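Take the sequence shown: its position 72, counted from the start at 1, is 71 in numbering that gives the first Met the number 0, and no numbers get skipped.
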Amino acid sequence: MTIPDQNRIPRNAEAVLEERKKRILNVKTLVFLIVSVFIAYFLLGKLDIAKTWDSIRNADAVMVIVSCLVYSASNFFKMLRFRLMLGDYGIPLFDLYAITSYHNFYNQIMPARTGELTFVYYLKKIGNADVSKGLHILVVTRIFDFIVISAFFICSIIFVFGARTSMALIAAGAAFFIISIIALFNLKWIVILCGRILRTLTKNERMQKNRLVGALRGRIDVLVHEFSSFKTARFVPALAVTSILTWSALYFLFYLTIRSFGIDIGLIQSVAGSTGGVLTNVLPINSFGSFGTLEAGWTGGFILVGMSEQDAIFTGFGYHFISFFASAAIALFCYVVTIARKG
């Protein structure tokens, strides 16, 4: 599929990109950056340099490469999940894989989940899908992510801790699971409520001059129709399967990364421990590259399941660098192939 020139990109797609730039350059982002630098500095200061160097030197290169391949597999499963909700658009598989890869890469580097808007932008630019469709897909897939993450978390901590499992952790996971399911089947009403709140909060002239706000105000009814017309129950089985496959690949990636550095850990223990890092990466609290915040969540989670502080901090940074490299390499590959096809 031919990618439109920049001046031919529909206005709504440009508005999404402009809004992403504005969200990147603001006071909240600066605060997140300062906090992230402080956390990263604090964690790095706790590492034993000699042990860290030994872990890097003795890392299993083959297992690191396999980890990158598993990361690409998770991208493939994400692409299949998007494909389910884009059946009528007939976007070629490679183009959709490229969109997914760009989306993942920008989510790796953009602060406070602003990289999410990249999916809407490229879906419009490459796949010619409506902005409302892109927003709908993002919301639905994120809800499925929350459902699967909470289910994996509850099951894993029960397996790891048994009768000693904290009821507070189970209750938190169960609440997250139930709220996500309720939200999934009531998206229409949530959008209607959000639309009313948006109209109320953006009555002033300054807010109405914002391009994305203006576009959303003018398309609230379209968004309501998009969310209302989607037959959620019909797609639940397929979306659930692809979401489970996606997160199974990602949790296996976490496990392989840890094992590649010679650290002995069970798969279930790795699932339970990595949930802290997953949540800090999914929630909009990270800065550029997620460095610091991801490692903090990862470290806390793995210390909780019995890993030493040294290994928890080191594997957090190790996983982060591997996933960053893998996402960048895959996105670059897709970009090069796309340019070659255009030529």
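Note that CB positions come from ideal geometry on N, CA and C, so glycine has one too.
Predicted model, so just to flag it, every value in this text is computed and none were measured.
Is it buried or exposed for residue i, if we count other Cβ within 10 angstroms and need 16 for buried?
i           : result
residue 33  : exposed
residue 109 : buried
residue 68  : exposed
residue 290 : buried
residue 340 : exposed
residue 275 : buried
residue 37  : exposed
residue 347 : The structure shown does not extend to residue 347, since the chain is modelled only from 0 to 342, so the question has no answer here.
residue 92  : exposed
residue 259 : buried
residue 320 : exposed
residue 192 : exposed
residue 60  : exposed
residue 331 : exposed
residue 57  : exposed
residue 310 : buried
residue 126 : buried
residue 165 : exposed
residue 329 : buried
residue 277 : buried
residue 29  : exposed
residue 139 : buried
Among residues of its own chain, excluding the 5 on either side of residue i, which ones have a beta-carbon nearer than 6 Å to its beta-carbon?
i           : result
residue 315 : 294, 297, 298
residue 105 : 114, 117
residue 272 : 300, 301, 304
residue 187 : 226, 227
residue 261 : 57
residue 182 : 142
residue 264 : 257
residue 219 : 194
residue 64  : none
residue 323 : 107
How far does the alpha helix (DSSP H) with residue i in it reach, from first residue to last?
i           : result
residue 78  : 60 to 84
residue 270 : 266 to 281
residue 167 : 166 to 183
residue 103 : 92 to 108
residue 340 : 308 to 341
residue 144 : 130 to 160
residue 53  : 48 to 56
residue 194 : 186 to 200
residue 300 : 292 to 303
residue 251 : 231 to 259
residue 117 : 115 to 124
Below 7 Å CB to CB, which residues in the same chain sit around residue i once its five sequence neighbours on both sides are set aside?
i           : result
residue 351 : Beyond the ends of the chain as shown, which are 0 and 342, falls residue 351; an answer cannot be given.
residue 199 : none
residue 312 : 42, 45, 46, 294, 298
residue 243 : 147
residue 270 : 151, 155, 250
residue 248 : 69, 72, 73, 76
residue 190 : 222, 223, 226
If residue i sits next to residue j, beta carbons under 8 Å apart, how far is it from one beta carbon to the other, in whole angstroms?
i           : j           : result
residue 83  : residue 234 : 6 Å
residue 167 : residue 153 : That pair is no contact at about 12 Å.
residue 221 : residue 194 : Not really, about 10 Å apart at Cβ, beyond 8 Å.
residue 245 : residue 76  : 4 Å
residue 318 : residue 256 : 4 Å
residue 159 : residue 137 : About 32 Å; that fails the 8 Å criterion.
residue 145 : residue 179 : 4 Å
residue 149 : residue 176 : 4 Å
residue 98  : residue 121 : 5 Å
residue 333 : residue 100 : 5 Å
residue 337 : residue 35  : With a Cβ gap of about 32 Å, residue 337 and residue 35 do not count as contacting.
Under 8 Å Cβ to Cβ from residue i, same chain only, skipping five residues before and after it: list those, please.
i           : result
residue 308 : 45, 298, 302
residue 66  : 252, 255, 256, 259, 321, 325
residue 236 : none
residue 95  : 78, 81, 82, 85, 126
residue 4   : A caution first: residue 4 carries a pLDDT of 39, below 50, which makes its placement in the model unreliable, though a value can still be read off. Result list for residue 4: empty, nothing under 8 Å.
residue 169 : 153, 156, 157
Can residue i be considered in contact with the ligand GDP, in the sense that its beta carbon sits closer than 8 Å to one or more heavy atoms?
i           : result
residue 103 : This structure simply doesn't include the ligand GDP, nor any ligand for that matter.
With a threshold of 9 Å between beta-carbons, can residue i be considered close to chain D, or not?
i           : result
residue 200 : Of the chains in the structure shown, none is chain D; there is only one protein chain.
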